[in-house]
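To start, the structure under review is shown below, and the notes come after it.
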Amino acid sequence: MSNNQSIYVAGHRGMVGSAIVRRLQKAGHTNIVTRTHSELDLLDQASVQAFFRKTPIDQVYLAAAKVGGIMANNIYPAEFIYQNLIMEANIIHSAYQAGVQKLLFLGSSCIYPRHADQPMKETSLLTGTLEPTNEPYAIAKIAGIKLCESYNRQYGCDYRSVMPTNLYGPGDNFHPENSHVIPALLLRFHEAKKNGDKKVIVWGTGRPKREFLYVDDLADACVFVMNLPQKDYQRETDPMLSHINVGTGIDMSIKELAEMIARVVGFKGHIEFDPTKPDGTPRKLLDVSKLTRMGWQADMPLEEGLTNTYAWFLTPPSSDRRIG
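Position 66 (the sequence shown) corresponds to 68 in this note's numbering; numbering is contiguous.
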């Protein structure tokens, strides 16, 4: 890939999009196209079509999404399915209309059935019932995969999909209600330490197991997958099963995660689990053997990544801006 190619990163202000921009800049790319929400509303089909007509684009990284944790998914299911469906449909269709041949869609490991065999292989897709707490979001992400596959099959595009495991890192959302588990726990332990609390209550039993990927590792994987020769990508995929898992291949219990985060933050008190709150899926571990065979592996150890994320949270401007 030439360093002067025009690359559009949709969602460049989010945790994933900003990491992709950092990775592209590190590789020497100077023609990175971004638009804020005020400049381009991705829910507005006409605006998205006009953007692609007027702006020469060679590659698209589709990292724009409405995301959140268990609580947010439970409270706003209509927003999660509607906004994600509309954004991905607008971008993928408009990219095709503008003649963009290369696009990478970012999904989520929640696309797999609640009781999928572990570790979850790409072939687990559409083989069982989804986790109810995030079904609307998962349905939207499955539709994004199928959009890419359908445009490839009908129009000969080269639109690829990656399914990352649970992400964390600089740029994460630390909202006390709408965040994912790592920023939620980092914030909770941080505030407990600051307030001198003796106890922190964590949702659920602590038994579910999760896999976590540092966001800059994901960005590196995205650039790697986007620029794989087509024959190498097709060797590991099928036209109607074309997505690739991205993760570490290692998981841990929420209890172990909470203890690690308490250690990173420096909280010395007691950790209590509330079994009246939902646990979500019992286990989520991705089979990453396809991506490993392609030649990519994650690099960041979890505790080091958590330390980096907490340091980002603490850096100026004040951490207040990181909450919400």
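Beta carbons: idealized from backbone N, C-alpha and C, even for Gly.
*asked:* For ASN75, count the other beta carbons within 10 Å of its own beta carbon; 16 or more makes it buried, fewer makes it exposed. Which is it?
replied: For the purposes of this step, residue 75 is identified with residue 73 of the sequence shown, where counting begins at 1. ASN75 comes out buried.
*asked:* Let me make sure I understand the geometry here. Which of ALA223, ASN154 and PRO277 has the alpha-carbon closest to that of GLY208?
replied: Residue 208 sits at position 206 when you count from the first residue of the sequence shown. Among ALA223, ASN154 and PRO277, the Cα nearest to that of GLY208 is on PRO277.
*Out of curiosity, what's the CA-to-CA distance linking MET242 and ALA186?*
Numbered from 1 along the sequence shown, position 240 holds the residue referred to as residue 242. Numbered from 1 along the sequence shown, position 184 holds the residue referred to as residue 186. Cα to Cα, MET242 sits roughly 36 Å from ALA186.
*Check whether the Cβ atoms of THR250 and ALA300 sit closer than 8 Å, and answer yes or no.*
As a working note, residue 250 is residue 248 in the sequence shown. As a working note, residue 300 is residue 298 in the sequence shown. In contact: THR250 and ALA300 (Cβ atoms closer than 8 Å).
*Exposed or buried, what is ASP46 when buried is set at 16 or more other beta-carbons lying within 10 Å of its beta-carbon?*
Mapped onto the sequence shown, residue 46 falls at position 44. Burial call: exposed.
*What do you reckon, are the CB atoms on ARG25 and ASP160 nearer than 8 Å?*
Your numbering for residue 25 matches position 23 in the sequence shown. Your numbering for residue 160 matches position 158 in the sequence shown. Cβ distance not < 8 Å, so ARG25 and ASP160 don't count as in contact.
*asked:* Going by the DSSP bridge assignment, what does SER163 pair with across the sheet?
replied: Translated into positions along the sequence shown, residue 163 becomes position 161. SER163 is bridged to PHE107.
*Excluding the five sequence neighbours on either side, which residues of its own chain have a C-beta within less than 6 Å of the C-beta of VAL290, listed in chain order?*
Your numbering for residue 290 matches position 288 in the sequence shown. If we look at VAL290 and ignore the five residues flanking it on each side, its Cβ neighbours are ASN247, GLY249 and GLY251.
*Cβ shell of THR125 (< 6 Å), same chain only, five flanking positions each side left out*: Here residue 125 is taken as the residue at index 123 of the sequence shown, counted from 1. Excluding sequence neighbours, THR125 sits near nothing in its chain.
*Same chain, Cβ closer than 7 Å to THR57, neighbours up to 5 away in sequence not counted*: Here the question's residue 57 lines up with position 55 in the sequence shown. So the list reads VAL35, once near-sequence residues are dropped.
*Which two residues bound the contiguous beta strand (DSSP E) that contains PHE214?*
To locate residue 214, count along the sequence shown from 1; it is residue 212. Unbroken beta strand (DSSP E) run through PHE214: 211-216.
*Alpha carbon to alpha carbon, how far is GLY171 from HIS177?*
Counting from one through the sequence shown, the residue named residue 171 turns up at place 169. Counting from one through the sequence shown, the residue named residue 177 turns up at place 175. Their Cα atoms are separated by approximately 14 Å.
_Spatial neighbours of SER96 in its chain, beta-carbon cut-off 7 Å, leaving aside the 5 residues before and after_ = Indexing the sequence shown from 1 puts residue 96 at position 94. Result list for SER96: VAL50, GLN51 and PHE54, in chain order.
_Contact set for LYS257: own chain, Cβ-Cβ below 6 Å, skip 5 residues either direction_ = Indexing the sequence shown from 1 puts residue 257 at position 255. If the five residues before and after LYS257 are omitted, its C-beta is found closer than 6 Å to the C-beta atoms of GLY208, all from its own chain and listed in chain order.
*Note the first and the last residue of the continuous alpha helix (DSSP H) segment covering VAL14.*
The count along the sequence shown starts at 1 and reaches residue 14 at position 12. The question names Val, but residue 14 in the sequence shown is His. Premise fails: HIS14 is in no alpha helix (DSSP H) and is neither H nor E.
*Please specify which runs of the alpha helix (DSSP H), each continuous and at least 4 residues long, are wholly inside the stretch 232-263, giving them in chain order.*
If we require 4 residues or more, the alpha helix (DSSP H) runs fully inside the stretch 232-263 come out as 232-237.
_Rounded separation between ALA313 and ALA264 - CA only_ = Here residue 313 is taken as the residue at index 311 of the sequence shown, counted from 1. Here residue 264 is taken as the residue at index 262 of the sequence shown, counted from 1. Computed Cα separation, rounded: 14 Å.
*Drop a sphere of 10 angstroms on the beta-carbon of ASN136, count the other beta-carbons inside from all chains shown, and report buried for 16 or more, exposed for fewer.*
Stepping through the sequence shown from its first residue, residue 136 is reached at position 134. By the 10 Å Cβ count, ASN136 comes out buried.
_The beta strand (DSSP E) that contains ASN168, what's its start and end?_
For the purposes of this step, residue 168 is identified with residue 166 of the sequence shown, where counting begins at 1. That run of the beta strand (DSSP E) goes 168-170.
*Starting from HIS95 and walking both ways along the alpha helix (DSSP H), at which residues does that stretch end?*
Within the sequence shown, residue 95 is the residue found at index 93, counting from 1. Per DSSP, HIS95 belongs to the alpha helix (DSSP H) from 79-99.
_Tell me the residue span of the beta strand (DSSP E) that contains ILE273._
As a position in the sequence shown, residue 273 is number 271, starting the count at 1. Counting along the chain, the beta strand (DSSP E) containing ILE273 begins and ends at 272-276.
_Where the beta strand (DSSP E) containing LYS123 begins and where it ends_ = Here residue 123 refers to the residue found at position 121 of the sequence shown. From DSSP, LYS123 is part of no beta strand (DSSP E); its letter is neither H nor E.
*Enumerate, from N- to C-terminal direction, the unbroken beta strand (DSSP E) stretches of 3 or more residues contained entirely within the stretch 41-65.*
61-64
*Got a sec: is the Cβ-Cβ distance from LYS201 to anything in chain D below 8 Å?*
The chain inventory of the structure shown lacks chain D, comprising one protein chain alone.
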